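Same order as they appear, the protein sequences are chains A and B.
No gaps in the numbering here: position 26 of the first sequence is 26 in our numbering, and each next residue is one more.
Remember, our numbering sits 212 above the position in the second sequence when you count from 1.
Each residue gets a CB set at the ideal place from its N, CA and C atoms; glycine is no exception.
Keep in mind the model is a prediction, meaning the values are calculated, not measured.
There are 2 protein chains.
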Amino acid sequence: MSKGQNKKETNPWVTQHTKLVYSNPWIQVQEHQVLNPAGNPGIYGVVSFKNVAVGIVPIDSQGFTYLVGQYRYPLNTYSWEIIEGGCPIGEPLLLGAQRELAEETGLSAAHFHYLLDLHTSNSVTDEHATVFIATGLEQGTALPEETEQLTLQHCHIDQAIEWAKNGTITDAISLAALLKIDSLKKNAGWPPNPNFLSELPRPQIWEERYPL
Amino acid sequence: MSKGQNKKETNPWVTQHTKLVYSNPWIQVQEHQVLNPAGNPGIYGVVSFKNVAVGIVPIDSQGFTYLVGQYRYPLNTYSWEIIEGGCPIGEPLLLGAQRELAEETGLSAAHFHYLLDLHTSNSVTDEHATVFIATGLEQGTALPEETEQLTLQHCHIDQAIEWAKNGTITDAISLAALLKIDSLKKNAGWPPNPNFLSELPRPQIWEERYPL
Chain A
1 MSKGQNKKET NPWVTQHTKL VYSNPWIQVQ EHQVLNPAGN PGIYGVVSFK NVAVGIVPID
61 SQGFTYLVGQ YRYPLNTYSW EIIEGGCPIG EPLLLGAQRE LAEETGLSAA HFHYLLDLHT
121 SNSVTDEHAT VFIATGLEQG TALPEETEQL TLQHCHIDQA IEWAKNGTIT DAISLAALLK
181 IDSLKKNAGW PPNPNFLSEL PRPQIWEERY PL
Chain B
213 MSKGQNKKET NPWVTQHTKL VYSNPWIQVQ EHQVLNPAGN PGIYGVVSFK NVAVGIVPID
273 SQGFTYLVGQ YRYPLNTYSW EIIEGGCPIG EPLLLGAQRE LAEETGLSAA HFHYLLDLHT
333 SNSVTDEHAT VFIATGLEQG TALPEETEQL TLQHCHIDQA IEWAKNGTIT DAISLAALLK
393 IDSLKKNAGW PPNPNFLSEL PRPQIWEERY PL
């Protein structure tokens, strides 16, 4: 797989016209008149997000973390997840991660270690998520938003990973984060060395588009 | 974590009115007038998908798989992914998985092993994805849709997992699938025993909502 930009990796779509069809404080939906990769006319409905999703896995010195349970309105289902929230585009992601961790758990963290970037639903949306592991934790008071009715679950990271593996957790950001931590854990021993976590490289393209 | 339905897991949102604001062959967008969990009025924009996403990781007897590279229009970025496609709601997911595998790679598979269910972006969408491992592979001719300009990459599953870990792959469905395979692989030896894979339990709620 070539890492560089080669001819086949250039955009094969042509955008002819763009119309805004819906907007609220969180998303906007545009319908694009396009020529598809075969050169034929068509439409593409694109959902753009006004926030970057940040995910945070706080891990204390004993290996314990918090999961958050909440009812997910679009899915009509209760969902157990890592700490997640929105960071307005342009705000450094670390500020958003600190705020969401504090709001949902009351925790502050001495260290945020980059874990991964992911794209949740790239056939229709531009939603980008960046996930951190937070260590060096100190407890304060949680202040969830009123749209959030959250239940905190204090559990060992191994238990959270087991719920990711056995299908209890289905949220994509949470699944990817917990399974990647499982992988790091197996490769690097546990508890993780913060210096090791700090050395996880972040692809340059995401650092440029969504700076920490 | 309670697995049963208890009071705190019931829906704390009240829907007062629903208005369709956009629809195309793939998605519809509705704006709901709601009372949020604190009982205050607000709006919720929900993006509903007309297909269930299916993901397929074909693995041959030597441990080789295929990744697909394509330009993702909403994201304005080239993306390397597992085989993915859409299965119209109501169609058994295995039929959709067989069709997408054949279209994108020309492969047919003797066995489809359930790997995971996930929700790609549950703050705004109801998109559901189900991923399979396909084994017992036989090569035919690929027939991609004209909206797809795909590049196939034939590589060992260990290489694909490495790309999931090092940030080359950012697509959520692909990341979760490859990291879960890494986890199975470490627990169960390699190549995987098809009988073992067949025993991966699927949570009943997803089997009821999205039957295989």
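Simplified DSSP state of residue i, which is helix, strand or coil
i, result
"glutamine 204(A)", "helix"
"lysine 186(A)", "helix"
"tryptophan 26(A)", "coil"
"tryptophan 292(B)", "strand"
"alanine 265(B)", "strand"
"glycine 308(B)", "helix"
"leucine 313(B)", "helix"
"alanine 354(B)", "coil"
"glutamate 9(A)", "helix"
"serine 260(B)", "strand"
"alanine 384(B)", "helix"
Nearest candidate by alpha-carbon position, reference residue i, set the options
i, options, result
"arginine 311(B)", "Glu357(B), Glu221(B), Lys262(B)", "Glu357(B)"
"glutamine 274(B)", "Leu396(B), His368(B), Pro224(B), Trp418(B)", "His368(B)"
"valine 46(A)", "Gly55(A), Ile56(A), Val21(A)", "Val21(A)"
"glutamate 315(B)", "Ile268(B), Leu287(B), Arg284(B)", "Ile268(B)"
"leucine 396(B)", "Gly140(A), Lys50(A), Glu9(A), Asn166(A)", "Asn166(A)"
"tyrosine 326(B)", "Lys220(B), Gln416(B), Asn223(B), Trp225(B)", "Gln416(B)"
"isoleucine 169(A)", "Ala388(B), Glu303(B), Thr353(B)", "Ala388(B)"
"proline 41(A)", "Thr15(A), Thr65(A), Pro25(A), Asn24(A)", "Thr15(A)"
First through last residue of the beta strand (DSSP E) which encompasses residue i
i, result
"glutamate 360(B)", "Glutamate 360(B) -> no beta strand (DSSP E), and no H or E assigned at all."
"glutamine 70(A)", "64 to 72"
Inter-residue Cα distance where the pair is residue i and residue j
i, j, result
"alanine 129(A)", "tryptophan 418(B)", "25 Å"
"serine 335(B)", "leucine 152(A)", "18 Å"
"proline 301(B)", "aspartate 60(A)", "According to the sequence provided, residue 301(B) is isoleucine. The question's proline does not apply to it. Taking the straight line joining both Cα atoms gives about 42 Å."
"glutamate 208(A)", "arginine 202(A)", "10 Å"
"serine 320(B)", "glycine 281(B)", "20 Å"
"lysine 3(A)", "threonine 289(B)", "Note that lysine 3(A) scores a pLDDT of 46, beneath 50, so its modelled location is shaky; the value from the coordinates is reported in the next line. Straight-line Cα distance between these residues: approximately 13 Å."
"tyrosine 73(A)", "isoleucine 393(B)", "30 Å"
"isoleucine 161(A)", "aspartate 329(B)", "15 Å"
"leucine 179(A)", "alanine 164(A)", "7 Å"
"asparagine 36(A)", "threonine 359(B)", "6 Å"
"proline 58(A)", "glutamine 139(A)", "11 Å"
"threonine 208(B)", "serine 235(B)", "Since the first and last residues shown for chain B are 213 and 424, residue 208(B) lies out of range."
"serine 79(A)", "tyrosine 283(B)", "31 Å"
"lysine 50(A)", "proline 25(A)", "7 Å"
"proline 304(B)", "glutamate 221(B)", "29 Å"
Residues of its chain near residue i, where Cβ-Cβ distance is below 7 Å and the 5 sequence neighbours each way are ignored
i, result
"phenylalanine 324(B)", "Leu306, Ala309, Phe344, Ala346"
"glutamine 159(A)", "none"
Other residues of its chain near residue i: CB distance less than 8 Å, five sequence neighbours each side excluded
i, result
"threonine 230(B)", "Gln242, Glu243, His244, Gln245"
"alanine 53(A)", "Glu84, Gly85, Gly86, Cys87, Thr120, Glu127, His128, Ala129, Thr130, Ile173"
Residue-level contact to chain E via CB, residue i, 7 Å cutoff
i, result
"glycine 167(A)", "Of the protein chains in this structure, namely A and B, none is chain E."
Limits of the alpha helix (DSSP H) - the one that residue i falls within
i, result
"aspartate 126(A)", "From DSSP, aspartate 126(A) is part of no alpha helix (DSSP H); its letter is neither H nor E."
"glycine 318(B)", "It is not in any alpha helix (DSSP H) - glycine 318(B) carries neither H nor E in the DSSP assignment."
"isoleucine 369(B)", "369 to 377"
Cβ neighbours of residue i in the same chain (closer than 6 Å, five flanking residues each side left out)
i, result
"serine 48(A)", "Gln28, Asp126"
"tryptophan 225(B)", "Val246"
"alanine 175(B)", "Since the first and last residues shown for chain B are 213 and 424, residue 175(B) lies out of range."
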